[in-house]
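Numbering (the working numbering), first residue to last: 14 to 535.
Structure follows, in structure tokens:
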């Protein structure tokens, strides 16, 4: 691994090329989650997958990604950072293109899993390169670049996915990786120094820890992805998977705390800044991926937007970040980084609270300012949080810190989407019950409304009064359900805001990096 340049010295151009190349890879890997989700319906139709089974196109990628993220620090030592990163970057490109040629669901699931396994490497490796190859004084710049992948990519993914699918076809969501992927490969090959492999580490590997972690995370991710569809613990399948996940992950924690050379140093979580930083990062993932899930659902279900229209609305959660993120390192120099994080989380929470009084007319124009506020909040929060959480992490612990930090953000996103799906369904039922209770044929207003609608249908081409009356009742039921959904979406945004308030509390417990005990190792 390239040695860190001491603070105060100029960082070599090759180091910056490595940082930019690695963060470009992380950007593509994270973008691929949302860009595919935006086109899932089209892909399902093209390969003959049902709505239920088609979800595995995303699930297979996410399961593979969350398994490989904790392994990257160790595997980079085994195969050397340069070889491991370049090979996986190349595999990510190859299997991205291969996905465009998938002919059935089985092929697509396998190809997406391999794509996720190779793409998952790119995320923590970029983070590791930033905190080990850059001096502390320059790390905020590197982390600001990484923020473009961690927060900008999920926000802009639906925009790119929707545009490509509507105008070029779903295959182009995979082809779009080709040009930036080749640029990334060239930058990594030119900038990373060669180092010998340490294959002997395979013999001393924490194989029980690897096995229990892989089984536990795969089972947990599947439970989170499939739980709502399978009625959670009403399904024996989900119950069995939950037991497997719980037992495996408890064993993993026990193994990591007792083995001499653990896969991940979980004791890092006991360090004040890293521990509270992980909590805030988990909740940021919850809100970041959760809001990217909720907004398209609302715009599609309530406003009838297509994927391209949804993409343009969500663009305002991403584009302001491009302008603001480059200035974040300067803000961190001028102000206490904890203040910058706090303002970021306040704005991110506020952007959700602005959406808690939605009506049927609440569409793109009304969402503009909440989306811009959210973009500013995300941009301000991520890089300073990453910097404070990893301050004082020694070089030998950088791999563990990077894996844990990035895994927990992804896990927060998975928990967020699963929780919000269930919460949305339950709140819709709750509001439907309340709104339906006063609607009765014994109520004069209801009878008047049915009569008016019946007259409307009779005057618009329906000759049979009974049919027109039935359509009137159905129309009232649909209006009630739509209103119940709008109220449920409002509640969901409140939940997102509340999660970010908890993240803000965790950030208030952070110490200044200079107050940390222990060496830095940079």
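By construction, the Cβ of each residue, glycine as well, lies at the ideal position given by its N, Cα and C atoms.
Sixteen is the threshold: since fewer than 16 other Cβ atoms of the shown chains lie within 10 Å of the Cβ of residue 274, the residue is exposed. Relative to the Cα of residue 138, the nearest Cα in the group 383, 343, 421, 102 belongs to 102. Secondary structure at residue 274: coil, using DSSP grouped into helix, strand and coil. Rounded to whole angstroms, residue 211 and residue 330 show a C-alpha spacing of 43 angstroms. Within 10 angstroms of the beta-carbon of residue 474 lie fewer than 16 other beta-carbons, which makes it exposed. In the DSSP annotation of this structure, the continuous segment of the alpha helix (DSSP H) that includes residue 356 starts and ends at 350–366.
Residue 279 and residue 493 have their C-alpha atoms spaced approximately 50 angstroms apart. By the neighbour-count criterion, in which 16 or more other beta carbons inside 10 Å mark a residue as buried, residue 451 falls on the exposed side. Residue 392 and residue 485 have their C-alpha atoms roughly 48 angstroms apart. 8 angstroms or more divides the Cβ of residue 88 from the Cβ of residue 234. Counting the other Cβ atoms within 10 Å of the Cβ of residue 181 gives fewer than 16, which makes it exposed. Residue environment analysis places residue 263 among the exposed positions, since fewer than 16 neighbouring C-beta atoms fall within 10 angstroms of its C-beta. Going by C-alpha positions, residue 42 is about 28 angstroms away from residue 269. Residue state for residue 473 is assigned as coil, using DSSP reduced to three classes. Excluding five sequence positions before and after residue 122, the CB atoms of its chain that fall closer than 6 angstroms to its own CB belong to 69, 73, given in chain order.
Shown here for residue 115: same chain residues with a beta carbon closer than 7 angstroms to its own, the five before and five after excluded, namely 60, 121, 124 in chain order.
In the DSSP annotation of this structure, the continuous segment of the alpha helix (DSSP H) that includes residue 172 starts and ends at 166–180.
DSSP, read as helix, strand or coil, puts residue 478 in helix. Residue range 377–403 is occupied by the alpha helix (DSSP H) that includes residue 378.
Under the DSSP assignment, residue 296 falls in the alpha helix (DSSP H) whose first and last residues are 285–314. Straight-line measurement puts the Cα of residue 292 at about 13 angstroms from the Cα of residue 394. The DSSP assignment places 26–50, 53–60, 64–67, 69–81 as complete runs of the alpha helix (DSSP H) inside the region 20–87, in order along the chain (cut-off: 4 residues).
Closest in C-alpha terms to residue 438, from the list 462, 425, 503, 464, comes 503. Per DSSP, the unbroken alpha helix (DSSP H) holding residue 108 starts and ends at 94–112.
Counting only the Cα atoms, residue 362 lies some 21 angstroms from residue 171. Between residue 344 and residue 353 a beta carbon distance of about 5 angstroms is seen, short of the 8 angstroms cut, so the two are scored as contacting. Taking C-beta atoms as the reference points, residue 430 and residue 302 count as a pair closer than 8 angstroms. Between the beta-carbon of residue 323 and that of residue 312 there is about 5 angstroms, and that keeps the pair under the 8 angstroms contact cut. Out of 466, 50, 38, 496, the CA that lies nearest to the CA of residue 238 is found in 50. Distances from the CA of residue 58 to each of 100, 77, 118 were compared; the closest alpha carbon is that of 118. C-alpha of residue 37 to C-alpha of residue 140: approximately 11 angstroms in a straight line. Of the candidates 96, 418, 306, 418 places its Cα closest to the Cα of residue 400. Spanning the alpha carbons of residue 145 and residue 526 requires a straight line of approximately 17 angstroms. Residue 35 and residue 282 have their alpha carbons spaced roughly 26 angstroms apart.
Look at the beta carbons and you see the region 457–469 not touching the region 510–522: under three pairs across the two are nearer than 8 angstroms.
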